[in-house]
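Number 279 in this note's numbering belongs to position 74 of the sequence shown; there are no gaps in the numbering.
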Amino acid sequence: MRSRIGVLLLAVSVSAASSAGEWIADTQAIMGTRVHVEVYHDDAALARSAIAAVMADMRRIDASMSPYIEASELSVMNREAATHAVTVSPELFGLLQRSLEFSVVTDGAFDVTFASAGRYYDYRASIAPDAATLEATLPAIDHRHLELIEPNLVRYHHPAVYVDLGGIAKGYAVDRGIAILQAHGIVEGIVEAGGDSRIIGDRHGRPWNVGVKDPRKDGAMAVLLPLANTAVSTSGDYERYFEKDGVRYHHIIDPDTGDSARAVRSVTILGPEATMTDALSTSVFVLGVEKGIELIDEHFPGVDAIVIDGDGRMHYSANLEPLR
Ligand code: AMP
Ligand code: MG
206 MRSRIGVLLL AVSVSAASSA GEWIADTQAI MGTRVHVEVY HDDAALARSA IAAVMADMRR
266 IDASMSPYIE ASELSVMNRE AATHAVTVSP ELFGLLQRSL EFSVVTDGAF DVTFASAGRY
326 YDYRASIAPD AATLEATLPA IDHRHLELIE PNLVRYHHPA VYVDLGGIAK GYAVDRGIAI
386 LQAHGIVEGI VEAGGDSRII GDRHGRPWNV GVKDPRKDGA MAVLLPLANT AVSTSGDYER
446 YFEKDGVRYH HIIDPDTGDS ARAVRSVTIL GPEATMTDAL STSVFVLGVE KGIELIDEHF
506 PGVDAIVIDG DGRMHYSANL EPLR
């Protein structure tokens with residue numbers, strides 16, 4: 206398979222629109238973002254209850270994994286795991302394991318302990334941590350401080366470690382959403398949570414056109430991707446940021462410095478599942494054009510990357526050669 210885009214272009218003309226079904230959609234604000242679910246099914250009532258189940262599951266994940274909810278499992282872990290091993294749910298344990306796998310393969314570019322320093326940025330209030338705060342918290346950014354003890358214990362080995370799953374949890378929630386749709390017998394649909402989406406089937410014989418935003422032109426698209434049967438995630442420096450003295454401070458943090466990663470402006474990843482595309486879009490953003498594309502080409506067959514660099518130029522992974 207060359208790429209999901211190429212495959213799709215062949216597939217588009219094959220299936221013809223027929224049958225009495227309809228598209229049913231809902232959009233809600235969950236996990237601090239826009240969640241959109243749209244499905245096709247003959248039975249509209251079934252479609253609606255499937256969508257409601259997806260939304261409910263997203264709220265459940267938020268309640269367990271949000272660092273902004275004091276009572277969330279994640280918040281309890283952040284308060285206690287530096288003093289004693291904390292028991293967490295198999296679900297949180299599993300996502301922490303996935304996170305560490307991405308830390309290893311990205312050589313630390315993806316690191317959920319980024320928030321040890323990252324938590325001191327306030328993008329709405331235009332606040333970055335001062336030099337003393339950075340100096341005190343930077344040593345706590347290291348995925349190796351995070352010990353996962355089977356079956357479900359977590360221990361932090363530095364007092365300032367703070368975990369935030371913002372780089373992977375939305376993708377995970379999208380994959381769960383797709384599984385819920387499939388359990389309802391739905392074979393065509395999309396689940397989107399902010400910049401992370403996954404599509405099953407196509408748009409009833411046509412592709413879904415997913416836009417990659419122009420990072421510096423509000424409302425404009427850099428490229429439109431005709432997609433089917435894929436997950437797609439975009440990380441951009443325009444999503445949550447402020448500018449101070451001509452420097453852009455945004456929400457993707459280089460674990461080596463505790464500062465925003467500034468080599469590129471946006472990264473889009475296409476792959477089989479959204480947990481992976483979410484983590485990889487953040488990872489490639491931190492790694493930059495060369496190392497980022499090398500990571501995808503060497504370690505992730507079947508995954509594609511589109512990177513927009515600091516000058517607005519587009520770069521593609523090897524699988525996307527036809528687009529060049
Ligand atoms: P995304 O838009 O998918 O790139 O996710 C950005 C989010 O990932 C941020 O808001 C943070 O919560 C989190 N994040 C930032 N830097 C990192 C990093 N180096 N490793 C893992 N997660 C990160
Ligand atoms: Mg991501």
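Heads up, the beta-carbon is just placed ideally off N, CA and C, and yes, glycines get one too.
### Message
What would DSSP say about Gly394, mapped onto helix, strand or coil?
### Response
What you label residue 394 is simply residue 189 of the sequence shown in a count that begins at 1. The answer is strand: DSSP assigns Gly394 an E or B state.
### Query
Which residue from Gly376, Ala333, Gly323, Asn414 puts its Cα closest to that of Ala436?
Looking up residue 436 in the sequence shown gives position 231. Each of Gly376, Ala333, Gly323, Asn414 was checked against the Cα of Ala436, and the nearest Cα belongs to Gly376.
### Task
Could you tell me which residues DSSP pairs with Ile458 in its beta bridges?
Taking the sequence shown and counting its residues from 1, the one referred to as residue 458 is at position 253. According to DSSP, which records beta bridges pairwise, Ile458 is partnered with Ser465.
### Message
Need the endpoints of the beta strand (DSSP E) that Ala427 sits in, please.
### Response
Here the question's residue 427 lines up with position 222 in the sequence shown. Under the DSSP assignment, Ala427 falls in the beta strand (DSSP E) whose first and last residues are 426-432.
### Query
So does the region 295-306 actually touch the region 412-426, counting three or more Cβ pairs closer than 8 Å?
The answer is no - the region 412-426 does not touch the region 295-306, with fewer than three Cβ pairs under 8 Å.
### Query
To the nearest whole angstrom, what separates the beta carbons of Val317 and Leu370, a pair I think is in contact under 8 Å?
As a working note, residue 317 is residue 112 in the sequence shown. As a working note, residue 370 is residue 165 in the sequence shown. Indeed they touch by this definition, with Cβ atoms about 6 Å apart.
### Message
Rounding to the nearest angstrom, what Cα-Cα distance links Gly493 and Tyr245 in this structure?
### Response
The sequence position of residue 493 within the sequence shown is 288, counting from 1. The sequence position of residue 245 within the sequence shown is 40, counting from 1. Distance between the alpha carbons of Gly493 and Tyr245: 38 Å.
### Message
Going by C-alpha to C-alpha distance, which of Asp401, Ile457, Phe505 sits closest to Phe315?
### Response
Taking the first residue of the sequence shown as position 1, residue 315 is located at position 110. Out of Asp401, Ile457, Phe505, Ile457 has the C-alpha closest to the C-alpha of Phe315.
### Message
Between the alpha carbons of Leu301 and Ala345, how many angstroms are there, rounded?
### Response
Here residue 301 is taken as the residue at index 96 of the sequence shown, counted from 1. Here residue 345 is taken as the residue at index 140 of the sequence shown, counted from 1. Using only the alpha carbons, I get a separation of about 17 Å.
### Residues of its chain near Val392, where Cβ-Cβ distance is below 7 Å and the 5 sequence neighbours each way are ignored
Taking the first residue of the sequence shown as position 1, residue 392 is located at position 187. In chain order, Ile405, Gly406 place their CB closer than 7 Å to the CB of Val392, counting only its own chain and leaving out the 5 sequence neighbours on each side.
### Task
Can you say whether Ala234 is buried or exposed, counting buried as having 16 or more other CB atoms within 10 angstroms of its CB?
The residue you call residue 234 lines up with position 29 of the sequence shown. By the 10 Å Cβ count, Ala234 comes out exposed.
### Task
Just confirm the distance between the C-beta atoms of Gly463 and Leu386, as a whole number of angstroms; I'd bet it's less than 8 Å.
Locating residue 463 in the sequence shown gives position 258, counting from the first residue. Locating residue 386 in the sequence shown gives position 181, counting from the first residue. Their Cβ separation, rounded to whole angstroms, is 39 Å, which puts Gly463 and Leu386 out of contact at 8 Å.
### Task
Return the chain-ordered list of same chain residues with a C-beta closer than 7 Å to the C-beta of Thr292, the five sequence neighbours on each side being excluded.
On the sequence shown, residue 292 is found 87 positions in, with the first residue counted as 1. By the criterion of a C-beta distance shorter than 7 Å, Thr292 is surrounded in its chain by Asn357, Leu358, once the five residues flanking it on both sides are discounted.
### Task
Check whether the Cβ of Asp483 sits closer than 7 Å to any heavy atom of ligand 2, and report yes or no.
Start at 1 with the first residue of the sequence shown, and residue 483 comes out as number 278. Residue side-chain check: Asp483 places its Cβ nearer than 7 Å to a non-hydrogen atom of ligand 2.
### Message
Within the continuous beta strand (DSSP E) that includes Phe447, where are the two ends?
### Response
Here residue 447 refers to the residue found at position 242 of the sequence shown. Start and end: 446-449.
### Task
Consult DSSP for Ala216 and reduce its assignment to one of helix, strand or coil.
Numbered from its first residue, the sequence shown carries residue 216 at position 11. Because the pLDDT of Ala216 is 45, which lies under 50, any placement of that residue in the model is unreliable, and the number read from its coordinates should be weighed accordingly. Three-state result, Ala216: helix.
### Message
Looking at the strands, I want to know which residues DSSP matches up with Thr473.
### Response
On the sequence shown, position 268 is the one that residue 473 refers to. According to DSSP, which records beta bridges pairwise, Thr473 is partnered with Thr439, Ile511.
### Task
Can you have a look at Met482 and say buried or exposed, based on whether 16 or more other CB atoms are within 10 angstroms of its CB?
Here residue 482 refers to the residue found at position 277 when the sequence shown is read from its first residue. Here residue 482 turns out to be Thr, not Met, going by the sequence shown. Burial call: buried.
### Query
Pick from Val428, Asp459, Ile256: whose alpha carbon is nearest that of Gly323?
Along the sequence shown, read from residue 1 onward, the residue named residue 323 stands at position 118. When each option's Cα is compared against that of Gly323, the closest is Asp459.
### Message
According to DSSP, simplified to helix, strand and coil, what is Met282?
### Response
Here residue 282 refers to the residue found at position 77 of the sequence shown. Correct three-state label for Met282: helix.
### Task
Specify the secondary structure class of Met519 as computed by DSSP and reduced to three states.
Here residue 519 corresponds to residue number 314 of the sequence shown, with the count starting at 1. Assigned with DSSP and collapsed to three states, Met519 falls in strand.
### Query
CB of Ser440 to nearest heavy atom of ligand 2: below 7 Å?
Locating residue 440 in the sequence shown gives position 235, where the first residue counts as 1. Checking every heavy atom of ligand 2 against the Cβ of Ser440, one is found closer than 7 Å.
### Task
Go through its chain and collect everything with a Cβ distance to Val469's Cβ below 7 Å, but skip five positions before and after it.
The residue labelled residue 469 in the question sits at position 264 within the sequence shown. Excluding positions up to five away in sequence, the list reads Phe490, Gly493, Val494, Val512, Ile513, Asp514, Gly515.
### Paired residues, beta bridge with Lys418 - DSSP
To locate residue 418, count along the sequence shown from 1; it is residue 213. According to DSSP, Lys418 bridges with Met426.
### Message
Mapping the DSSP letters down to three states, classify Ile373 as helix, strand or coil.
### Response
Along the sequence shown, read from residue 1 onward, the residue named residue 373 stands at position 168. Residue state, collapsed to three classes: coil.
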